[in-house]
(Lines of atoms letter the chains of each structure in order from A and count residues from 1; the text may use other names and numbers.)
(Lines give C-alpha, C1' and ligand atoms only; values in the text may rest on other atoms or scores of the structure.)
Protein backbone atom coordinates (compact mmCIF):
# COMPACT_ATOMS: atom_id res chain seq x y z
CA UNK A 1 0.00 0.00 0.00
CA UNK A 2 1.32 3.45 -0.92
CA UNK A 3 2.06 5.84 1.92
CA UNK A 4 -0.12 8.96 2.23
CA UNK A 5 2.88 11.17 1.44
CA UNK A 6 3.44 9.24 -1.80
CA UNK A 7 -0.25 9.54 -2.69
CA UNK A 8 -0.14 13.30 -2.09
CA UNK A 9 2.96 13.64 -4.26
CA UNK A 10 1.37 11.63 -7.07
CA UNK A 11 -1.77 13.76 -6.91
CA UNK A 12 0.32 16.99 -6.85
CA UNK A 13 2.20 15.93 -9.96
CA UNK A 14 -0.91 14.75 -11.78
CA UNK A 15 -2.85 18.00 -11.38
CA UNK A 16 -0.06 20.53 -10.86
CA UNK A 17 -1.19 21.54 -7.37
CA UNK A 18 1.44 23.65 -5.58
CA UNK A 19 -0.59 25.00 -2.67
CA UNK A 20 -0.21 24.06 0.97
CA UNK A 21 -1.59 20.67 1.97
CA UNK A 22 -3.83 20.66 5.01
CA UNK A 23 -3.27 17.70 7.34
CA UNK A 24 -6.08 15.17 6.83
CA UNK A 25 -7.09 15.09 10.47
CA UNK A 26 -9.68 16.95 12.50
CA UNK A 27 -7.17 19.40 14.00
CA UNK A 28 -5.67 20.32 10.63
CA UNK A 29 -9.06 20.64 8.97
CA UNK A 30 -10.47 22.83 11.78
CA UNK A 31 -7.43 25.11 11.60
CA UNK A 32 -7.74 25.55 7.81
CA UNK A 33 -11.49 26.02 7.45
CA UNK A 34 -13.09 29.44 7.31
CA UNK A 35 -14.53 30.17 10.75
CA UNK A 36 -18.09 30.39 9.42
CA UNK A 37 -17.87 26.71 8.38
CA UNK A 38 -16.94 25.40 11.83
CA UNK A 39 -20.53 25.11 13.14
CA UNK A 40 -21.43 22.93 10.14
CA UNK A 41 -18.38 20.75 10.73
CA UNK A 42 -19.24 20.36 14.41
CA UNK A 43 -22.89 19.55 13.65
CA UNK A 44 -21.90 16.84 11.17
CA UNK A 45 -19.23 15.47 13.48
CA UNK A 46 -21.77 15.07 16.29
CA UNK A 47 -23.87 12.74 14.11
CA UNK A 48 -21.09 10.37 13.04
CA UNK A 49 -20.53 6.83 14.01
CA UNK A 50 -17.18 5.13 13.62
CA UNK A 51 -15.70 3.68 10.46
CA UNK A 52 -16.51 4.57 6.89
CA UNK A 53 -18.81 7.47 7.82
CA UNK A 54 -15.87 9.15 9.55
CA UNK A 55 -13.61 8.54 6.54
CA UNK A 56 -16.19 10.18 4.27
CA UNK A 57 -16.50 13.06 6.75
CA UNK A 58 -12.72 13.58 6.71
CA UNK A 59 -12.61 13.42 2.92
CA UNK A 60 -15.38 16.01 2.55
CA UNK A 61 -14.04 18.48 5.10
CA UNK A 62 -10.39 18.00 4.06
CA UNK A 63 -11.38 18.96 0.51
CA UNK A 64 -13.31 21.96 1.82
CA UNK A 65 -10.38 23.09 3.97
CA UNK A 66 -8.02 22.96 0.97
CA UNK A 67 -10.52 25.00 -1.04
CA UNK A 68 -10.84 27.53 1.79
CA UNK A 69 -7.08 28.09 1.76
CA UNK A 70 -6.98 28.80 -1.99
CA UNK A 71 -6.12 32.34 -3.01
CA UNK A 72 -8.42 32.65 -6.04
CA UNK A 73 -10.96 30.73 -8.14
CA UNK A 74 -8.32 28.94 -10.23
CA UNK A 75 -6.37 27.88 -7.14
CA UNK A 76 -9.62 26.69 -5.53
CA UNK A 77 -10.50 24.53 -8.55
CA UNK A 78 -6.99 23.08 -8.58
CA UNK A 79 -7.12 22.37 -4.84
CA UNK A 80 -10.42 20.51 -5.27
CA UNK A 81 -9.00 18.49 -8.20
CA UNK A 82 -5.95 17.65 -6.09
CA UNK A 83 -8.09 16.56 -3.13
CA UNK A 84 -10.41 14.47 -5.30
CA UNK A 85 -7.49 12.66 -6.88
CA UNK A 86 -5.67 12.12 -3.57
CA UNK A 87 -8.84 10.67 -2.02
CA UNK A 88 -9.36 8.35 -5.01
CA UNK A 89 -5.73 7.22 -4.89
CA UNK A 90 -5.98 6.57 -1.14
CA UNK A 91 -9.14 4.51 -1.64
CA UNK A 92 -7.45 2.50 -4.36
CA UNK A 93 -4.30 1.96 -2.28
CA UNK A 94 -6.32 0.77 0.71
CA UNK A 95 -8.59 -1.49 -1.32
CA UNK A 96 -11.62 0.72 -0.74
CA UNK A 97 -14.81 -0.09 -2.57
CA UNK A 98 -15.65 1.87 -5.67
CA UNK A 99 -12.06 2.55 -6.64
CA UNK A 100 -11.15 3.89 -10.06
CA UNK A 101 -8.12 3.57 -12.27
CA UNK A 102 -5.80 6.56 -12.65
CA UNK A 103 -7.19 7.11 -16.16
CA UNK A 104 -10.79 7.04 -14.91
CA UNK A 105 -9.99 9.59 -12.20
CA UNK A 106 -8.25 11.88 -14.68
CA UNK A 107 -11.24 11.62 -17.04
CA UNK A 108 -13.57 12.54 -14.19
CA UNK A 109 -11.42 15.53 -13.30
CA UNK A 110 -11.53 16.66 -16.92
CA UNK A 111 -15.31 16.20 -17.05
CA UNK A 112 -15.13 13.33 -19.55
CA UNK A 113 -16.93 10.79 -17.36
CA UNK A 114 -20.06 10.96 -15.27
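In my numbering, the protein residues as written are 2 to 115. Using N, Cα and C, we set each Cβ at its ideal position, and we do this for glycine too.
- Between residue 59 and the set 85, 78, 79, 70, the nearest pair of CA atoms involves 85.
- In this structure, residue 90 sits away from residue 4, with a CB-CB distance that is not shorter than 8 Å.
- By the criterion of a C-beta distance shorter than 7 Å, residue 55 is surrounded in its chain by 49, once the five residues flanking it on both sides are discounted.
- In this structure, DSSP gives residue 18 a state outside helix and strand, which the three-state scheme calls coil.
- Nearest neighbour of residue 38 by Cα position, chosen from 75, 71, 53, 65, turns out to be 65.
- Assigned with DSSP and collapsed to three states, residue 95 falls in coil, not helix or strand.
- For residue 25, the number of other beta carbons within 10 angstroms of its own is at least 16, and it is reported as buried.
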